[in-house]
Structure formats: structure tokens, C-alpha cells
Amino acid sequence: MYIAKVVGNVVATRKEESLVGTRFMIIQQVDKHENPIGNEVVAADYIGAGKGEIVLVGTGSSVRVGDVNKGKPIDAAILGIIDEIQ
Amino acid sequence: MYIAKVVGNVVATRKEESLVGTRFMIIQQVDKHENPIGNEVVAADYIGAGKGEIVLVGTGSSVRVGDVNKGKPIDAAILGIIDEIQ
Amino acid sequence: MYIAKVVGNVVATRKEESLVGTRFMIIQQVDKHENPIGNEVVAADYIGAGKGEIVLVGTGSSVRVGDVNKGKPIDAAILGIIDEIQ
Amino acid sequence: MYIAKVVGNVVATRKEESLVGTRFMIIQQVDKHENPIGNEVVAADYIGAGKGEIVLVGTGSSVRVGDVNKGKPIDAAILGIIDEIQ
Amino acid sequence: MYIAKVVGNVVATRKEESLVGTRFMIIQQVDKHENPIGNEVVAADYIGAGKGEIVLVGTGSSVRVGDVNKGKPIDAAILGIIDEIQ
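Protein chains in written order, with this note's numbering: chain A, 274 to 359; chain B, 274 to 359; chain C, 274 to 359; chain D, 274 to 359; chain E, 274 to 359.
Structure, rendered in C-alpha cells:
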């Protein structure tokens, strides 16, 4: 997982059927001082994260473990909203 | 997932049998301002993306979750055509 | 797997239900001389690692093999506390 | 997947039993103009690719989807010989 | 897979139970001329590789395909000792 900031979102009308209704947020990985590191990626959001929020992002098959995402071609998801970095 | 631009395609006559009929597009990852980042990769396309289009690309085992791709050795696929980046 | 140093932790009140009770540590990969390499990531900790400790970190689906983590959207975990690098 | 050039091969007498009989080619990722990008990796070859050929390489669990590779600890394979890059 | 040189090992007394008895070697990826590339990682060794040896390393879920590693949180393993790079 890593810390990231939500920086935007993506709209795709024509897409894989199983993805209809999924929100796709653009996120930028950050370090613990919230400095950007690495490239932007697109993560599915089922938690309701808003632009500018600091979030915990999971990647790979891990994000399809839960019932909501099973059967969806998703490789990154917002797992939580981060309240505090210690 | 990430945002990418379709920049070409690849023709391979001699290949794994299960891949016959699959279109292989060359894609270049871009950031939300459509600036190129990272290396070109090759993604399977079942949506009908054309050269120059901005697309959403999924990677890893996620792209074999659907029925179409089960049993195919595919590690990246075009999941949707992006209409708008916000 | 890789060697890392625990450099902090993350608090997320609003998160995927299955993650309630999981400790999320911020770790920094290091080489065998404990020099930092690469980006910070967030790893689940079930071992009780403390800030400043040198740990062994596993990634990907491997960290969900055990019974504790099955069904949790986790892609990195602290597997052990390193006593000695030879 | 990505485009790569076969640049060599590797001989390993002492190895995991399930890998006996597998050809291991050293490949160099290239962009669509065949310029090298990234690091060399080792890919299993079941297609009969020769040194200097431009190939399509798959990675991760995708390459163990087919019957031939099931049960083999392989994380990269040559999926096809590329005839043309457009 | 990739070519790597064994450069050390790691001792961890406190660790996941399923990892007791596993040897953890520090490896450095190298190119075909044995020049170091990329970061050090830690790989499980079931073959008996020694410090200084050139080995073939596999990553990801592939290394848990065999019976020995099933159920162990391992994401990289030494698959063979390389005799010759051609």
C-alpha cells in the first residue's frame, strides 16, 4: 500500500461492462511529508474520497479480495482516508 | 490502472494459440495533462481503441477476471476510452 | 522481499471494514548497509514492529497466503524483525 | 506485455526440478523504434525465439495460465515473435 | 526472472511461523555482463546458493507454485544456479 493524494478523476463512457458505476480517481503517491513521488495512477474508489484528500491505496490482486470488487478488472483501489501520518 | 495514449500496434503471426484474434496495442502512459511518463507497454484491446485515443489501462491478473480473457496469457488490457480527465 | 526500516505509521478511521484492527506502518526500503533506496510504502504489521526497527517486508499476493490475512486487501506486510544482515 | 529483443540465454544445470527442459532467454525491453529501455530480464521460451529476434513478452501470473506452464515457477515468457510494429 | 548475484543473507529470529527454516539471501540483480542493476532484494533459497554465486531469481506468485513454498509468504526465490550466460 502507499500514501497518495487524490488529484482528479477520469470519465469513461465506453468501458468494460463490469466497471459501470465505479468511480475512477487519479491519485499521486506522496511520502509521509506529502511530497509527490512516482507517477500518477488511477484507483477505483468505493469509499467516497474527494479531491485533495490523503488516502491509503492498495494495488494488485489484493483489491479484488472483498466481495464488492470480485470479478472487476481493478488493480488499484482507495482503501481508506488517512487522518494522520505519524 | 493508469491513463495512456494508444501509439501503435504490434503484429505477431507466430504466437501462443490462445492469443489468436487478440489485438495488441502499443500504449504510452501519460499524466493527467497527457504528458508521457514511463515506458511503452503492449496491452490487449477488446474495446476497439484507435491510435491516438486516450484510454484507461489495467494491469496484472485483474485483466483476466472477465470471461473473455480467462485462460489467455495477458497482463495488460485497455479497459475503457477516456472521455474526460477532471 | 526486501529489507526496510520502519519510519512511521498511518491512522485511517474511515476504511475498508476488513482492515479494522490492522496496524499500518510506513517503511523505507534500505540496502544491506541500511542506506535508503526507493520510495516509502505502507505495510501491514502483525508482528509488532516498532519505529526504527529493521524488518523483512513481503509484497503482493504472498502476504495473503496465511490465515490471518486471507480476505484482507493487503499488498505488503512485515514478515519478520531482522536481527542481523550478513 | 512489452516488446523486447532476445539478447542471449542462460544455462543452469542445478535448478528447480519443474524447470528442466525450459529454455531461458535473456531479453532487453525496447520501444517501438527498437531502442532499449529498462533492464534485462530472463523469460521462458516455448515458441523457439532466436537471438536478435523481436518478441512479445508477458509477465506475472499471466504466463502460467496455459497448460504448458502450469505448475512452473515462471514469471515471464515469450508469447510471440513480432513481425511488424505499426 | 532475472540474473542476480548473491551478496549476503539476513537473520530474523522473530518472524512469521511458516518462514521458520527458510534461508533468506540478499541478492543484487545483474545484467549479462554481471554489472549490478536495480536494488537489492531478499529471496528465499531452497537450492543452497552461496555468497558470490550467480543465480536465476523468480518473483511474484510464481515462486509459490511448487509444493515446498505453498502457504509461505514468499515473493522471490532463487530458482537455479547459473553456469553460463551466452
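No residue lacks a Cβ here, since even glycine has one placed at the ideal position from N, Cα and C. Bear in mind that the values here come from a model prediction, so they are computed numbers and not experimental data.
Original post:
The beta strand (DSSP E) spanning Asp318 of chain E covers which residue range?
Top reply: In the fifth sequence, the residue the question calls residue 318 of chain E occupies position 45. Segment Pro309 to Asp318, the beta strand (DSSP E) holding Asp318 of chain E.
Original post:
Based on the DSSP secondary-structure assignment, which residues constitute the bridge partners of Ala360 of chain E?
Top reply: Here chain E has residues from 274 to 359 only, and residue 360 of chain E is not among them.
Original post:
Rounded to whole angstroms, how far is the Cβ of Gln301 of chain B from the Cβ of Val280 of chain B, which I believe are closer than 8 Å?
Top reply: Walking along the second sequence from the start, residue 301 of chain B turns up at place 28. Walking along the second sequence from the start, residue 280 of chain B turns up at place 7. Correct: roughly 5 Å between the Cβ atoms.
Subject >> Inter-residue Cα distance where the pair is Glu273 of chain A and Glu326 of chain D >> reply: Beyond the ends of chain A as shown, which are 274 and 359, falls residue 273 of chain A; an answer cannot be given.
Original post:
Grouping DSSP H, G and I as helix and E and B as strand, with all else coil, what is Glu357 of chain C?
Top reply: Locating residue 357 of chain C in the third sequence gives position 84, counting from the first residue. In this structure, Glu357 of chain C counts as strand in the three-state DSSP scheme.
**OP:** Identify each residue in the segment 329 to 347 of chain E for which the Cβ-Cβ distance to at least one residue of chain C is less than 7 Å, and report them in chain order.
**Re:** Gly333, Ser334, Arg337, Gly344, Lys345, Pro346 and Ile347
Subject >> Under 9 Å from the C-beta of Ile354 of chain D: neighbouring residues of chain B >> reply: On the fourth sequence, residue 354 of chain D is found 81 positions in, with the first residue counted as 1. Neighbours of Ile354 of chain D on chain B, chain order: Ala285, Thr286, Arg287 and Lys288.
Original post:
How about Met274 of chain B and Ile347 of chain A: are their beta carbons less than 9 Å apart?
Top reply: On the second sequence, position 1 is the one that residue 274 of chain B refers to. On the first sequence, position 74 is the one that residue 347 of chain A refers to. Against a cut-off of 9 Å, the Cβ pair of Ile347 of chain A and Met274 of chain B comes out as a contact.
Subject >> 6 Å Cβ shell around Thr332 of chain E - same chain, five flanking residues per side excluded >> reply: By 1-based counting over the fifth sequence, the position of residue 332 of chain E is 59. Excluding positions up to five away in sequence, the list reads Ala349.
Original post:
Does any residue of chain B bring its CB to less than 9 Å from the CB of Glu313 of chain A?
Top reply: Here residue 313 of chain A refers to the residue found at position 40 when the first sequence is read from its first residue. So, interface residue.
Subject >> Gln301 of chain C: contacting residues in chain E (beta-carbon distance under 7 Å) >> reply: Indexing the third sequence from 1 puts residue 301 of chain C at position 28. Per Cβ cutoff of 7 Å: no residues; Gln301 of chain C is ~12 Å from chain E at best.
Subject >> Within chain A, the residues that Met298 of chain B reaches when beta carbons sit closer than 7 Å >> reply: In the second sequence, residue 298 of chain B corresponds to position 25, counting from 1. Simply none; closest approach about 15 Å.
**OP:** Identify the continuous beta strand (DSSP E) that holds Lys305 of chain A and give its terminal residues.
**Re:** Position 32 of the first sequence, counted from the start, is the residue given in the question as residue 305 of chain A. That residue, Lys305 of chain A, is in no beta strand (DSSP E); it is neither H nor E in DSSP.
Original post:
Can we say the segment 334 to 342 of chain A touches the segment 309 to 322 of chain B, given the rule of at least three CB pairs closer than 8 Å?
Top reply: no
Subject >> Partners in chain E for Ala349 of chain D, counting only beta-carbon separations shorter than 7 Å >> reply: What you label residue 349 of chain D is simply residue 76 of the fourth sequence in a count that begins at 1. Met274, listed in chain order.
**OP:** Return the CA-CA distance between Arg287 of chain E and Arg287 of chain D, expressed in angstroms with no decimal places.
**Re:** Along the fifth sequence, read from residue 1 onward, the residue named residue 287 of chain E stands at position 14. Along the fourth sequence, read from residue 1 onward, the residue named residue 287 of chain D stands at position 14. When rounded, the distance between both Cα atoms is 31 Å.
Subject >> Short CB-CB distance (under 9 Å) between Ala316 of chain A and chain B >> reply: As a first step, residue 316 of chain A is located in the first sequence; it is residue number 43 there, counting from the start. Yes, because at least one Cβ of chain B sits closer than 9 Å to the Cβ of Ala316 of chain A.
**OP:** Classify Arg287 of chain B as helix, strand or coil using the three-state DSSP reduction.
**Re:** By one-based count along the second sequence, residue 287 of chain B stands at place 14. Coil.
**OP:** Whole angstroms is fine: what's the gap from Val293 of chain B's alpha carbon to Ala317 of chain B's?
**Re:** Against the second sequence, residue 293 of chain B aligns to sequence position 20. Against the second sequence, residue 317 of chain B aligns to sequence position 44. Each residue's alpha carbon lies about 11 Å from the other.
Original post:
Can you tell which of B:Leu352, B:Ile355, B:Lys305 and B:Asn282 has the C-alpha that lies nearest to the C-alpha of Glu313 of chain B?
Top reply: Counting from 1 along the second sequence, the entry for residue 313 of chain B is found at position 40. Among B:Leu352, B:Ile355, B:Lys305 and B:Asn282, the Cα nearest to that of Glu313 of chain B belongs to B:Asn282.
**OP:** Check whether the Cβ of Ala277 of chain C lies closer than 9 Å to any Cβ atom in chain H.
**Re:** Looking for chain H here will not work: the only protein chains present are A, B, C, D and E.
Original post:
How about Asn282 of chain E: is its C-beta nearer than 9 Å to some C-beta of chain C?
Top reply: Here residue 282 of chain E refers to the residue found at position 9 when the fifth sequence is read from its first residue. With a threshold of 9 Å between beta carbons, Asn282 of chain E makes contact with chain C.
Original post:
Around the Cβ of Lys324 of chain E, are there at least 16 other Cβ atoms within 10 angstroms (buried) or fewer (exposed)?
Top reply: Here residue 324 of chain E refers to the residue found at position 51 when the fifth sequence is read from its first residue. Exposed is the call here.
Original post:
In the structure shown, what three-state DSSP assignment does Val338 of chain D receive?
Top reply: As a first step, residue 338 of chain D is located in the fourth sequence; it is residue number 65 there, counting from the start. Val338 of chain D: coil per DSSP, three-state reduction.
Original post:
Hey, is Glu307 of chain D's beta-carbon within less than 9 Å of any beta-carbon in chain B?
Top reply: Taking the fourth sequence and counting its residues from 1, the one referred to as residue 307 of chain D is at position 34. No, because no Cβ of chain B sits closer than 9 Å to the Cβ of Glu307 of chain D.
Original post:
When burial is assigned at 16 or more other CB atoms within 10 Å of the CB, is Glu290 of chain E buried or exposed?
Top reply: As a working mapping, residue 290 of chain E is identified with position 17 in the fifth sequence. Exposed is the call here.
Subject >> 6 Å Cβ shell around Thr295 of chain C - same chain, five flanking residues per side excluded >> reply: On the third sequence, residue 295 of chain C is found 22 positions in, with the first residue counted as 1. Scanning its chain for C-beta atoms nearer than 6 Å, with the 5 sequence neighbours on each side dropped, one finds around Thr295 of chain C the residues Ala317, in chain order.
**OP:** Express the C-alpha separation of Tyr319 of chain B and Lys345 of chain B in angstroms, rounding to a whole number.
**Re:** On the second sequence, residue 345 of chain B is found 72 positions in, with the first residue counted as 1. On the second sequence, residue 319 of chain B is found 46 positions in, with the first residue counted as 1. Whole-angstrom Cα-Cα distance: 13 Å.
Original post:
For Ala277 of chain B, which residues does DSSP report across the bridge?
Top reply: What you label residue 277 of chain B is simply residue 4 of the second sequence in a count that begins at 1. Per DSSP, B:Gln302 and B:Val328.
Original post:
Would you call Gly353 of chain E buried or exposed, if buried means 16 or more other Cβ atoms sit within 10 Å of its Cβ?
Top reply: Sequence index remark: in the fifth sequence, residue 353 of chain E carries index 80 (1-based). So Gly353 of chain E counts as buried.
Original post:
Roughly how many angstroms lie between the CA atoms of Asp356 of chain A and Phe297 of chain A, to the nearest whole one?
Top reply: As a working mapping, residue 356 of chain A is identified with position 83 in the first sequence. As a working mapping, residue 297 of chain A is identified with position 24 in the first sequence. Distance between the alpha carbons of Asp356 of chain A and Phe297 of chain A is about 22 Å.
Original post:
Closest to Leu329 of chain D by CA distance: which of B:Lys278, B:Ala277 and B:Ala285 is it?
Top reply: The residue given as residue 329 of chain D occupies position 56 in the fourth sequence. For the residues B:Lys278, B:Ala277 and B:Ala285, the minimum Cα distance to Leu329 of chain D belongs to B:Ala285.
Original post:
Who are the near neighbours of Asp304 of chain B in its chain, counting only those whose CB is closer than 6 Å to its CB and skipping five residues on each side?
Top reply: Against the second sequence, residue 304 of chain B aligns to sequence position 31. Closer than 6 Å at the Cβ level, and outside the excluded window around Asp304 of chain B, lie Ile310.
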